[in-house]
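Enquirer: Dumping the structure here so I can ask a few things about it.
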């Protein structure tokens with residue numbers, strides 16, 4: 023009787039803690055919150071060392087970035103456009119709206135790295151080594167940023183079912199709040 027009770031507890035634990043995945047998605051996607059924070063710090067170190075203002079952390083841009091990193095790992099693609107063809111600016115606008123602002127601008131950088139770990143400095147250095155990404159990072163236009171760093175033990179399709187970390191950085195500017203009607 024004791025062994026049946028222990029077995030029931032083990033089964034209940036397995037059922038409660040088993041990860042659920044969407045059909046066609048990677049088994050288990052994990053957020054890398056400490057990597058996200060470290061990337062923001064590294065971005066700001068570079069910007070400040072070049073006389074630029076540091077980026078403010080934006081929860082809305084972070085949500086957009088995390089969502090895109092997750093989609094790429096779940097569906098196995100690597101692109102600024104969403105899987106359904108939505109442009110990155112339209113995707114970001116769902117979270118970081120242009121409504122009610124005179125000026126609105128967004129930019130995005132992406133990185134995919136094989137393995138379970140990646141260093142924030144390596145992420146930022148890889149972006150700085152790419153002229154289009156460097157231009158976004160060093161732009162005095164952007165004031166806000168949100169980072170989405172996620173890991174999958176077996177990311178499909180474009181990632182070859184390998185361990186992968188994907189980092190999305192979404193950058194934004196909203197200025198000149200319009201008065202309510």
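In the numbering used here, the protein residues as written are 23 to 203. We put the CB at the ideal spot given by N, CA and C, even for glycine. On a predicted model such as this, the values are computed, not experimentally measured, just so you know.
1) Residue 125 lies in the beta strand (DSSP E); which residues open and close that run?
2) Quick check: the Cα distance between residue 124 and residue 165, rounded to an integer number of angstroms?
3) Please report the distance separating the alpha-carbon of residue 163 from that of residue 79.
4) When you compare only the Cα positions, how much space is there between residue 92 and residue 54?
5) For residue 81, count the other beta carbons within 10 Å of its own beta carbon; 16 or more makes it buried, fewer makes it exposed. Which is it?
6) When you compare the CB positions of residue 173 and residue 138, do they come within less than 8 Å of one another, or not?
7) Does the beta-carbon of residue 72 have 16 or more other beta-carbons within 10 angstroms, so that it is buried, or is it exposed?
8) Report the rounded CA-to-CA distance for residue 43 versus residue 198, giving the unit in angstroms.
9) Where do the N-terminal and C-terminal ends of the beta strand (DSSP E) with residue 112 fall, by residue?
10) How long is the line joining the alpha carbons of residue 130 and residue 183, rounded to whole angstroms?
11) Is it buried or exposed for residue 101, if we count other Cβ within 10 angstroms and need 16 for buried?
12) Any contact between the region 83 to 91 and the region 189 to 196? By contact I mean 3 or more CB pairs, one from each, below 8 Å.
13) Can you grab the Cα-Cα spacing for the pair residue 69 / residue 179, in whole Å?
14) How many angstroms separate the CA atom of residue 109 from the CA atom of residue 115?
15) Using the DSSP secondary-structure output, state which residues sit across from residue 193 in a beta bridge.
16) Can you tell me the Cα-Cα spacing of residue 122 and residue 113, whole angstroms?
17) Answer with buried or exposed for residue 7, where buried requires no fewer than 16 other C-beta atoms within 10 angstroms of its C-beta.
18) Assuming residue 205 and residue 148 make a contact with CB atoms under 8 Å, what is their CB distance in whole Å?
Expert: So, to answer that:
1) The continuous beta strand (DSSP E) containing residue 125 extends over residues 123 to 136.
2) 15 Å
3) 15 Å
4) 11 Å
5) exposed
6) Between residue 173 and residue 138, the gap from beta carbon to beta carbon is short of 8 Å.
7) exposed
8) Summary for residue 43: the model assigns pLDDT 41, below 50, so the residue's position carries little reliability; its value from the coordinates is reported in the next sentence. Distance between the alpha carbons of residue 43 and residue 198 is about 42 Å.
9) Note, residue 112: premise wrong, no beta strand (DSSP E); alpha helix (DSSP H) at 110 to 115.
10) 25 Å
11) exposed
12) yes
13) Here the alpha carbon of residue 69 sits roughly 35 Å from the alpha carbon of residue 179.
14) 10 Å
15) 129, 167, per the DSSP bridge assignment.
16) 18 Å
17) In the structure as shown, the chain starts at 23 and stops at 203, and residue 7 therefore has no counterpart that could be examined.
18) Outside the shown range of the chain, which is 23 to 203, sits residue 205, and nothing can be said about it.
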